[in-house]
Each structure stands twice: as structure tokens, then as C-alpha cells.
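Enquirer: To start, I am sharing the structure in question, which I have written as C-alpha cells.
Numbering (UniProt numbering), first residue to last: 1 to 142.
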């Protein structure tokens with residue numbers, strides 16, 4: 001089973017939240033995938049742990065609210081919001097909808113599995129000893 005599958009609706013919420021007709025679902029799934037791919041590929045070392053996409057109200061069908069949870073918000077925001085505006089412009093070009101982009105900082109990046117894995121991968125790419133990398137990750141998590 002998928003670990004998140006048991007937690008959805010109880011402990012966790014869905015990463016994509018929208019209410020639409022059955023005919024619109026495949027297009028929105030593809031659009032969500034492309035949005036996540038664009039954000040993740042924008043910068044390799046941006047430390048993104050989660051991307052939430054919301055399309056909740058039918059009155060505002062042309063508005064997408066995207067929340068990015070990251071350990072390093074300064075990299076995504078950029079100097080004077082320059083990088084954030086570039087991401088927002090590319091997302092608007094991709095989806096043809098108004099984009100509301102929120103960036104939230106992860107308080108404990110050492111306790112988030114995705115960020116720990118990214119950090120370990122970076123260290124291994126920098127040719128650090130794998131046992132040392134493992135021990136450091138475990139120590140930081142506790």
C-alpha cells in the first residue's frame with residue numbers, strides 16, 4: 001500500500017484540491033503534473049518538500065492557488081521577488097489562468113523525509129562517505 005493512502009483525509013490532506021466534473025479530471029491531473037514538473041525543474045537546489053494546488057471555487061475557475069513548502073524560501077523568492085515572478089509568469093503561460101503563488105518555509109527541514117533525502121543525495125554527489133552521510137542524517141533527525 002502507499003504510505004500516504006492510509007493517511008489521506010485523516011492526518012494529511014490531498015496535494016491537489018479541486019472539485020470538478022468527471023470530464024475535466026484527466027486534463028486537470030495532467031495540468032497538475034506539468035505545474036509540479038515546472039516548479040521542481042526551475043532550480044535543482046531549491047529544497048521543495050511539497051507543492052499544494054487548489055482550485056476550490058467555481059466562481060474563480062480561472063484562478064489557481066499554488067503553495068510551495070520549502071526549506072529555503074529565499075532561493076525561490078529571489079532578489080526583490082524576481083525568481084518568484086518568473087515562476088509565476090511561466091505558470092500563467094502554461095495554464096492560461098491567474099496564478100496565486102504562496103511560499104511557506106518548512107520549520108524543521110531535518111525531519112521532513114523529502115528534504116532529508118535531497119540533502120543526502122547532494123552530499124553523496126559531492127563525494128562524501130555514505131556512512132558519514134547516513135549517520136549525520138539520523139543524528140539531525142533526532
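Each residue gets a CB set at the ideal place from its N, CA and C atoms; glycine is no exception.
One question on the structure: do residue 68 and residue 103 come within less than 7 Å of each other, judged by their Cβ atoms?
Expert: Yes, the Cβ-Cβ distance between residue 68 and residue 103 is below 7 Å.
Enquirer: Please report the distance separating the alpha-carbon of residue 138 from that of residue 22.
Expert: Straight-line Cα distance between these residues: approximately 44 Å.
Enquirer: According to DSSP, residue 18 sits in a beta bridge with which residue or residues?
Expert: The partner list for residue 18 (beta bridge, DSSP) reads 55.
Enquirer: Between the C-alpha atoms of residue 142 and residue 28, what's the straight-line distance to the nearest angstrom?
Expert: Approximately 39 Å, taken between the alpha carbons.
Enquirer: Using a Cβ-Cβ cutoff of less than 7 Å, which residues in the same chain neighbour residue 99 once the five nearest sequence positions on both sides are dropped?
Expert: Counting only Cβ-Cβ distances below 7 Å, and skipping sequence neighbours, we find 64, 66, 88, 91, 92.
Enquirer: Below 7 Å CB to CB, which residues in the same chain sit around residue 111 once its five sequence neighbours on both sides are set aside?
Expert: Correct list, in chain order: 141.
Enquirer: Which residues does DSSP list as the beta-bridge partners of residue 105?
Expert: 70.
Enquirer: Where does residue 109 land, buried or exposed, given buried means 16+ other C-beta within 10 angstroms?
Expert: Result: buried.
Enquirer: Would you kindly report the start and end of the unbroken alpha helix (DSSP H) that includes residue 120?
Expert: That run of the alpha helix (DSSP H) goes 113-125.
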